[in-house]
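Residue numbers (full-length UniProt numbering), protein chains in the order written: chain A, 1 to 99; chain B, 1 to 360.
Everything on this sheet refers to the single structure shown next.
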């Protein structure tokens, strides 16, 4: 599944300072859909090059990381249970620093 | 249209609760209603307006400096203040005030952002630097004292730097982008450190009314829960700088922040409740409270003979960097030669001057 992932608020530093990633995520065998939970695990394994604890805590994002799916807060679409579709845009922004 | 429907379906097949026209983009804090971007902007801006008006933060004709670091909170603050000033005719003269601590790889970048903000929002900018005021950059300070207590220096120096910048601009008030999370962290830190005097003051929306320049925090009731400032800045595509200060991983405040974020996850009201507790602390009458006076060296507000900034600066200049931090110990003066060299290097030797030449 082709997705566009964007990292902001400092998170891009965890992925080699690249803010926008166009990725192709393989679905798990036997499953038809991709949830945010699956995507997070995929990102941690494939995109996060350092300090994964700044991005995730357990199964979900670290508190203070804002997640938008197609410009909508993922709270609206079910957080980890949000299903993703081809060409979706997912944005992760860290909020945990001084302003 | 197909795209819109799919997204609407995933978002719970609803339209924005407020306008019923557009697709929702997020949940409104406090009420948990689903609202669209435009309604979010209106709600956010109106809430800030109500806080400003309800707490009588400003008077028409006042000159107000906005503490601007280039980060998301101060950028949103600058944007919203100038917007509301225009929309509701507050009649304020707004300025941007920025502090250059001299941290390469962090502050020099974020200052570029503030310079852009000056142009984007049409607000005159004043930058005050530690180097000019104290003769030391943070990088230089860290080289001398290491990474453990550097935030103490920076915090103390910054407070004074802002006041001096504000005095230079002849403003009546200083406004900063501290939000509810920040204030809750401060309450916790003051409890952890047993700082009773600060504990009784730190939750006020306006502080320092008895000092040189009062400062207020219009975002006091904005919870980062639901990440409002970030969402606002992101959607409005505001220009802001978002990297951590390179020295901050060692800051004590980081622990309070992490803890509060975890608490908030389990109980979203944790933040506003901590602030409420802080507002309602009453100090026992038998507790001795520090009396307020002025620093003998520079005239700044102080409860001791010398203000904290003067004590720290004296320590740096005399090669006793631990002066003013915990229990004072006498260190070897092997640094003294280096200090002498500094004094004679030709540029404004602020070290030989008092802590500041502005009258308070």
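Even glycine gets a Cβ: it sits at the ideal position worked out from N, Cα and C.
| Asked | Found |
| --- | --- |
| Threshold first: 4 residues or longer. Then list the alpha helix (DSSP H) segments lying entirely within the region 257–332 of chain B, N to C. | 270–279, 308–317 |
| Figure out for me which residue from B:236, B:94, B:24, B:191 has the closest Cα to the Cα of residue 169 of chain B. | B:94 |
| Is any heavy atom in the ligand ATP found nearer than 6 Å to the beta carbon of residue 185 of chain B? | The model depicted lacks the ligand ATP and carries no ligand whatsoever. |
| State yes or no: is the C-beta of residue 171 of chain B within less than 7 Å of the C-beta of residue 216 of chain B? | no |
| Select from the region 38–59 of chain A all residues with a C-beta closer than 9 Å to any C-beta belonging to chain B, and list them in chain order. | 57 |
| Quick test of your reading: residue 130 of chain B and residue 102 of chain B, contact by CB under 8 Å. State the CB separation rounded to the nearest angstrom. | 5 Å |
| Using a beta-carbon distance cut-off of less than 8 Å, what residues from the region 83–96 of chain A approach chain B? | 83, 85, 91, 93, 94, 95, 96 |
| Just checking, does the region 240–254 of chain B make contact with the region 280–290 of chain B on the three C-beta pairs under 8 Å criterion? | no |
| Spatial neighbours of residue 137 of chain B within its chain, please: C-beta separation below 6 Å, excluding the five flanking residues on both sides. | 102, 130, 131 |
| Can you look up residue 25 of chain A in the DSSP assignment and give me helix, strand or coil? | coil |
| At the level of alpha carbons, what is the spacing between residue 121 of chain B and residue 83 of chain B? | 9 Å |
| Kindly list, in the order they appear in chain B, the residues whose Cβ is closer than 7 Å to that of residue 16 of chain A. | Per Cβ cutoff of 7 Å: no residues; residue 16 of chain A is ~15 Å from chain B at best. |
| What are the residues that DSSP puts in a beta bridge with residue 34 of chain B? | B:27 |
| With DSSP as the reference, please indicate the residues paired to residue 196 of chain B in a beta bridge. | Its beta-bridge partners do not exist; DSSP assigns none. |
| Per DSSP, residue 65 of chain B is paired with what? | B:95, B:174 |
| Apart from the five residues on each side of it in sequence, which residues of its chain come closer than 7 Å, Cβ to Cβ, to residue 28 of chain A? | 38 |
| Using only the alpha-carbon positions, how far apart do residue 277 of chain B and residue 183 of chain B sit? | 12 Å |
| Under 8 Å between beta-carbons, which chain A residues line up against residue 234 of chain B? List them in chain order, please. | 8, 66, 68, 91, 93 |
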